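In what follows, a single structure is set out as structure tokens and then discussed.
In UniProt numbering, the protein residues as written are 1 to 365.
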């Protein structure tokens, strides 16, 4: 197996990556404190994985309104900035590069996380998912539709969080705009029933994502701004519909000039859905011509498939998520063909060092 394509340098925005192996964002619920502040334990965890060409940090709430998952960190307070600074300093000291992922959960939040207040979204439509609350997973509730003033404030909050990220020492930012969260709730016609400038046509539903991207790029520079976005087939109102692919295509084609785009491959079977044909490498082959920056491919990758995506020009960087949990030295293992350690799934969403910072590097095994 030829994995050499994974170990060539590549430029992403203003960053020089020494290899093409990225650590994908992984929610791990270790910011279990009242201020949602990253801790020394997270600094140790990320520094252990600094041999990745790029670390995309775990999804991080941009504001109290955007917060919507128990025991996850934020980027809105001075304490959080200081907490993240110890993380980025540890990563940089270990020779790594790290960007922050900016997160607004929208309707995926829960009153238990908001002092009893309803979460905010495009429209008052229950996303039919599960919220992660301090007392466990609970069914989502029907959110409250955002006012125009709240939309403007949210866009400003993204820009502020991006500036905070750079103040905390991150090398750039990534806007989380897909999956089930706020930008996706606006883009999806099933969860956006607005009749104003942010609803109706694809162009209107895409307005929030594009205005966020513009505000963040203005705040920290397009060369330090990326987006995670792509067509997905999930559950409930997030099942793919006839406008899922055209909506994603429209937004992606207008993100040119930014540093990178992270695209997830299929997370469910796409057969007989409006995304039929985008399974396997089809997703990346379809998206590649639409975006002229660094394309990062993610989901269900092994070394062989990842090297093929890079060699074929379907991706510039490949992001591994779950393999990085139990293999802090993943690039070295991929380079040598060493076996990968297995994940202890009982500790993935937990607290403390067990199953977090206690996976040994290959040399210590």
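Note that the Cβ used here is the ideal one computed from N, Cα and C, for glycine as well. From a predicted model like this one, the values you see are computed outputs, not experimental measurements.
Measure the C-alpha to C-alpha separation of residue 124 and residue 104 and round it to an integer number of angstroms. 17 Å
Range of the contiguous alpha helix (DSSP H) that encloses residue 149: 148-167
By the 10 Å Cβ neighbour count, where 16 or more other Cβ atoms means buried, how is residue 298 classified, buried or exposed? buried
Reduced DSSP secondary structure (H/G/I, E/B, other) of residue 21: strand
Just list the beta strand (DSSP E) runs in the region 77-121, keeping only unbroken ones of 3 residues or longer that don't cross its boundaries, in chain order. 98-103
Ignore the nearest five residues each way along the sequence and tell me which others in residue 192's own chain have a CB closer than 7 Å to its CB. 122, 123, 185, 186, 199, 205
On the DSSP bridge assignment, give the partners of residue 352 in chain order. Note: residue 352 sits in no beta bridge, so no partner.
Residue 168 vs residue 49 beta-carbon contact at 8 Å: no
Inter-stretch contact at 8 Å, needing at least 3 Cβ pairs: the region 249-257 / the region 73-80: no
With three or more C-beta pairs closer than 8 Å as the rule, is the region 37-47 touching the region 329-345? no
Given a cut-off of 8 Å on the beta-carbon distance, is the pair residue 102 and residue 174 in contact? yes
Please look up how many angstroms separate the CB atoms of residue 262 and residue 335, rounded, as I've assumed it's under 8 Å. Contact doesn't hold; Cβ gap of about 23 Å is too wide.
Check whether the region 352-361 and the region 58-73 are in contact - that is, three or more C-beta pairs closer than 8 Å. no
Does the Cβ of residue 146 have 16 or more other Cβ atoms within 10 Å, making it buried, or fewer, making it exposed? buried
Once DSSP output is grouped into helix, strand and coil, what is the label at residue 135? coil
Let me know the secondary structure DSSP gives residue 239 once reduced to three states. coil
If contacts are defined as beta-carbon pairs under 8 Å, then residue 12 and residue 72 qualify, I think. What distance do you get, rounded to the angstrom? Actually they are not in contact, since the Cβ atoms of residue 12 and residue 72 sit about 25 Å apart, beyond 8 Å.
Alpha helix (DSSP H) containing residue 211: first to last residue? 207-220
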